[in-house]
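A.B. asks: Sharing a structure here in structure tokens format.
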Amino acid sequence: MTLLADSLMTAPSGDPGLAAAPLQLIDPAGQPGANRGGLELPAPETLSDLHRRMVLGRAFDVQATALTKQGRLAVYPSSRGQDACQVGAVLALRDQDWLFPTYRDSVAIFTRGVDAPEALALLRGDWHCGYDPYQYRVAPHCTPLATSALHAVGFAHAATLKGEDLVALAMLGDGATSEGDTHEAFNFSAVWKAPVVFLVQNNGYAISVPLAKQTAAPTLAAKGIGYGMPSLLIDGNDAAAVYAAVRAGVERAASGAGPLLIEAVTYRAEPHTNADDDTRYRDRAEVAAWRARDPIARLAAYLSARGLLDEAGAAGLAEEAERLAASVRERLSEDVSVDPGELFDHVYARPTAALRRQRAALLAEIADAEPGEDER
Amino acid sequence: MTTALHSPAAAGTAPGDTAPGDTAPGPAAAARPAPVTMAAALNRALADSLAADERVVVFGEDVATLGGVFRVTDGLAARFGPARVFDTPLAESGIVGTAIGMAMNGLVPVIEMQFDAFAYPAFEQVTSHLAKLRNRTRGRVSLPVVVRVPFGGGIGGVEHHSDSSEAYYAHTPGLRVVSPGTPADAYRLLRQSIECPDPVIFLEPKRRYWGKETAALTTAGPPIEQALIRRPGTNVTLIAYGGMVSTAVEAAEAAAGEGWDVEVIDLRSLAPLDEATLTESVRRTGRAVVVHEAQGFAGYGAEIAARLTEQCFYHLEAPVLRVTGLDIPYPPPYLEHFHLPSVDRILDAIASLEWE
């Protein structure tokens, strides 16, 4: 594996070549990539699994967007277009590893095995996190940018201190790299040699602000140099490359060599959320061009050409995806059950006297508001 | 690094085993305690917690090799090793953020913000995550983190070294906020805070670090969220915490000479608040004055005054008064005595409590 930071450090100062070409195992046409940088092509069964999980993840994502338009979810930041990052990164984790996702990583959370209604609880609005982080080894969706990167570093460093073999995968976006907590997370992890992999999904925009207004760095991967942290710049629409890079980072971190920064160049195919109007800041031709570089179609082409995916297989997978979408649709269309009393239950380990009083008052207020027998 | 976590030094304290910086007596001398400063009592609490629970880790800026700028962590790194007590890069958000991750993974971090105003870069981590992760995850993620913050003025510190930041934290649901007023309580409260499953903002009154008290250091006594009556009295309740406890007791002694029998309550826990002890006292005395160093506007004393008015109105002989810092940015050293509540200001407030 050629680590970008190592090669960048020997590059002449100011060389425009700093904006190195992203590593690619499979190119947009589904052919073997020319710029592999020592990344190892995953085994055929892994490639098939990557494809299958991307198809299912896409079905989940499309269904979640549809449910939002129907008012079943409060908001949904789609992962569409970033399918290779979402699925490739998660499949590269070992069971004991932890995922620290952002709000745009619902497909990653789902791919890690979190049940759909639990994965979407935050975005539906029944609670802030619907799943048990310890059950899936997935930290809660993080809504503020970059703050969870520090949690990942602390979690991973605690594993080192306790002698546990686990790696934390911290998901970030291009916008989050401007946040101070990203800087602190990079720095702490490098100083501590914490077993962390940072995956920056550079999707080109932080809501409306393009990368050119976000940074003057030649690439986001290049930022690793300043922390003494190696980095990789990869094609984020190439699931094989994402898988290989994250797996390399996990193995490297688990060996005690410290963190790895990966910049995956990809694109947010949908607006920021359903509430966003991206026609105000993105050219339709640009969106169309990126949608044509679909990560699923790319891997499907590669697999088909090698006899790893035939028409029957594709049809079977399409049916599986439709069954998944129907199930998500059905389960997320059920009426949401909430308990106002629970608002007070988890603020502290034991509710304080003042919270117990407020709880009783709220429940009494609710009881008063419901029509009594004599009022009917 | 694993071995240090499970080393004999970490697993228990051998008889006669004292860390550098320990000034508190061993078990044999417990009957005749020696005078101990608050800094030494805090140091002893950290050492005893590190020895008692291998999940406890102490980290922050300058806490290891140097022993902290106030020497509160003196000797801990040498005794417990670099896996238990370590220096971090200079980044407060990073310290709190990584402490959150460590707590998620089963450790009990006790971290230091070097000075009150230098804790502000960590505000987002404290208010958006440390305070909320338990609630966010329906109680599945517990964050037993203690954030030690040397706070308040009275030490001649230059700008940003003397802030009283308790109101920011006390306003945040999910955080506990405590502040000791004496060395013995500093020991007890810190041990209690480290054992507490909730995140605790532990405000250490800098001006009292070097004040001594002759008392045994023990965890026995009032639980973490209980206020203490420091001085019983019958006709005024003086409410203070942290660095103002000593000032309030001094004022109460002076008031006795003028015929006022002043009860002093040391809140210890600002959040949650021990309303029962407060209201029982104020209903009995009929008068109340809240004292704190922080500026008064939207300050912690406003909450106390409002609650006492709501709950004790028909027992009150006079309005609940506040003696606080001025509504100004913390002054430079030559001017800080104009800002800080003094015994005289407290006595003036007591004198105005409708005695005729």
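From first to last, the protein sequence lines stand for chains A and B.
At position 161 of the first sequence the residue is numbered 161 (the numbering used here), and the sequence of numbers has no breaks.
Converting from the second sequence to the numbering used here requires adding 1000 to each position, the first position being numbered 1.
A virtual CB, placed ideally from N, CA and C, is assigned to each residue, including glycine.
Everything numeric in this text was worked out from a predicted model, so none of it was measured.
Can a CB atom of chain A be found closer than 8 Å to the CB of SER1107 of chain B?
C.D. replies: For the record, residue 1107 of chain B in the displayed sequence is Leu; it is not Ser. Yes, its Cβ sits closer than 8 Å to a Cβ of chain A.
A.B. asks: Name the chain B residues that come within less than 9 Å of CYS85 of chain A, Cβ to Cβ?
C.D. replies: Within 9 Å Cβ-Cβ: nothing; CYS85 of chain A doesn't reach chain B, min ~22 Å.
A.B. asks: Closer than 7 Å, Cβ to any Cβ of chain A: which residues of the region 1311-1343 of chain B, in chain order?
C.D. replies: Correct list: empty, as no residue qualifies.
A.B. asks: If we define contact as Cβ-Cβ less than 8 Å, is ARG1283 of chain B a contact residue for chain A?
C.D. replies: False, the Cβ-Cβ gap to chain A never drops below 8 Å.
A.B. asks: Is the separation between the beta-carbon of ALA1349 of chain B and that of LEU1321 of chain B shorter than 8 Å?
C.D. replies: Yes, these two residues count as a Cβ contact at 8 Å.
A.B. asks: For the region 1068-1095 of chain B, which residues have a beta carbon sitting closer than 8 Å to at least one beta carbon of chain A?
C.D. replies: Within the region 1068-1095 of chain B, the residues whose Cβ lies closer than 8 Å to some Cβ of chain A are ALA1083, THR1088, PRO1089, ALA1091, SER1093 and GLY1094, listed in chain order.
A.B. asks: Is it true that the CB of ALA1251 of chain B sits closer than 8 Å to the CB of ILE1346 of chain B?
C.D. replies: Going by C-beta atoms, ILE1346 of chain B is nearer than 8 Å to ALA1251 of chain B.
A.B. asks: What runs of the beta strand (DSSP E), each 3 residues or longer, lie entirely inside the region 253-280 of chain A?
C.D. replies: Entirely contained in the region 253-280 of chain A, the beta strand (DSSP E) runs reaching 3 residues are, in chain order, 260-265.
A.B. asks: Name the DSSP beta bridge partners of HIS1292 of chain B, please?
C.D. replies: DSSP output for HIS1292 of chain B lists B:THR1324 as bridge partner(s).
A.B. asks: Ignoring anything shorter than 3 residues, give me the beta strand (DSSP E) runs that lie fully in the region 119-180 of chain A, in order along the chain.
C.D. replies: Segments of the beta strand (DSSP E) lying fully in the region 119-180 of chain A: 168-173.
A.B. asks: Give a yes or no on whether 8 Å exceeds the smallest Cβ distance from ILE1100 of chain B to chain A.
C.D. replies: Yes, because at least one Cβ of chain A sits closer than 8 Å to the Cβ of ILE1100 of chain B.
A.B. asks: Nearest CA to the CA of ASP283 of chain A: which residue from A:GLU319, A:SER208 and A:LEU355?
C.D. replies: Nearest C-alpha to ASP283 of chain A: A:SER208.
A.B. asks: In chain B, which residues lie with their C-beta within 8 Å of the C-beta of PRO133 of chain A?
C.D. replies: Those within 8 Å of PRO133 of chain A in chain B are MET1104, THR1137, ARG1140 and VAL1141.
A.B. asks: With 9 Å as the C-beta to C-beta threshold (strictly closer), list the residues of the region 173-187 of chain A near chain B in chain order.
C.D. replies: Listed by position, the residues of the region 173-187 of chain A near chain B (Cβ gap below 9 Å) are GLY180, ASP181, HIS183, GLU184, ALA185 and ASN187.
A.B. asks: Rank A:GLY88, A:ILE296 and A:ALA318 by C-alpha distance to the C-alpha of ALA29 of chain A and give the top, closest one.
C.D. replies: It is A:ILE296.
A.B. asks: Is the shortest distance between the beta-carbon of VAL347 of chain A and the beta-carbons of chain B less than 8 Å?
C.D. replies: Yes, VAL347 of chain A counts as interfacial toward chain B.
A.B. asks: Any idea which residues DSSP pairs ASN202 of chain A with across the strands?
C.D. replies: In DSSP, ASN202 of chain A forms a bridge with A:VAL265.
A.B. asks: Locate the beta strand (DSSP E) running through LYS1212 of chain B, then write down its first and last residues.
C.D. replies: First-last of the beta strand (DSSP E) with LYS1212 of chain B: 1212-1214.
A.B. asks: Using a C-beta cutoff of 8 Å, does PHE110 of chain A count as contacting chain B?
C.D. replies: Chain B contact via Cβ: absent.
A.B. asks: Against chain B, with Cβ distances strictly below 8 Å, would THR102 of chain A count as a contact?
C.D. replies: It does not: the Cβ of THR102 of chain A has no partner Cβ on chain B nearer than 8 Å.
A.B. asks: Residue ranges of each alpha helix (DSSP H) run of no fewer than 4 residues wholly in the region 1243-1298 of chain B, ordered along the chain?
C.D. replies: Here the runs fully enclosed are 1244-1256 and 1275-1285.
A.B. asks: Taking only beta-carbon atoms, is PRO140 of chain A less than 8 Å away from chain B?
C.D. replies: It does: the Cβ of PRO140 of chain A has a partner Cβ on chain B nearer than 8 Å.
A.B. asks: Please name the residue in B:SER1165, B:PRO1150, B:ILE1229 and B:TRP1260 whose C-alpha comes closest to that of MET1038 of chain B.
C.D. replies: The shortest Cα separation from MET1038 of chain B among B:SER1165, B:PRO1150, B:ILE1229 and B:TRP1260 belongs to B:PRO1150.
A.B. asks: Bridge partners of SER333 of chain A, per DSSP?
C.D. replies: SER333 of chain A pairs with nothing; no bridge assigned.
A.B. asks: Can you tell me the Cα-Cα spacing of LEU91 of chain A and ASP1116 of chain B, whole angstroms?
C.D. replies: Whole-angstrom Cα-Cα distance: 44 Å.
A.B. asks: Just the chain A side, please: which residues come within less than 9 Å of PRO1197 of chain B by C-beta, in chain order?
C.D. replies: In chain order: TYR348, ALA349 and ARG350.
A.B. asks: For PHE1313 of chain B, count neighbouring Cβ atoms within 10 angstroms of its own Cβ and tell me buried if that reaches 16, exposed if not.
C.D. replies: The residue in question, PHE1313 of chain B, is exposed, as its Cβ has fewer than 16 Cβ neighbours within 10 Å.
A.B. asks: Could you check where the alpha helix (DSSP H) with ALA1240 of chain B kicks off and where it finishes?
C.D. replies: Where ALA1240 of chain B is concerned, there is no enclosing alpha helix (DSSP H), although the beta strand (DSSP E) it sits in stretches over 1236-1240.
A.B. asks: If you follow the beta strand (DSSP E) that ARG1071 of chain B is in, where does it begin and where does it stop?
C.D. replies: Unbroken run through ARG1071 of chain B: none, as it is neither H nor E.
A.B. asks: Anything in the region 1167-1182 of chain B with a Cβ closer than 7 Å to a Cβ of chain A? List those residues in chain order, please.
C.D. replies: Taking 7 Å as the Cβ-Cβ cut-off against chain A, the residues of the region 1167-1182 of chain B that qualify are PRO1173 and GLY1174.
A.B. asks: Closest Cβ-Cβ distance between THR147 of chain A and chain B: below 8 Å?
C.D. replies: Output row for THR147 of chain A: interface = yes.
A.B. asks: If I follow the unbroken alpha helix (DSSP H) through VAL1096 of chain B, where does it start and stop?
C.D. replies: Its alpha helix (DSSP H) spans residues 1092-1104.
A.B. asks: Verify the CB distance criterion: does VAL114 of chain A have a CB-CB separation below 8 Å to chain B?
C.D. replies: Taking Cβ atoms only, chain B never reaches closer than 8 Å to VAL114 of chain A, which makes this a no.
A.B. asks: For VAL347 of chain A, does the three-state DSSP call read helix, strand or coil?
C.D. replies: The answer is coil: DSSP assigns VAL347 of chain A none of H, G, I, E or B.
A.B. asks: Less than 8 Å between CB atoms is the rule here; does PRO1015 of chain B satisfy it with respect to chain A?
C.D. replies: Summary for PRO1015 of chain B: the model assigns pLDDT 34, below 50, so the residue's position carries little reliability; its value from the coordinates is reported in the next sentence. With 8 Å as the cut-off, PRO1015 of chain B does not count as an interface residue toward chain A.
A.B. asks: Who are the Cβ neighbours of ASP115 of chain A in its own chain at under 6 Å, not counting the five residues just before and after it?
C.D. replies: Here the set comprises nothing.
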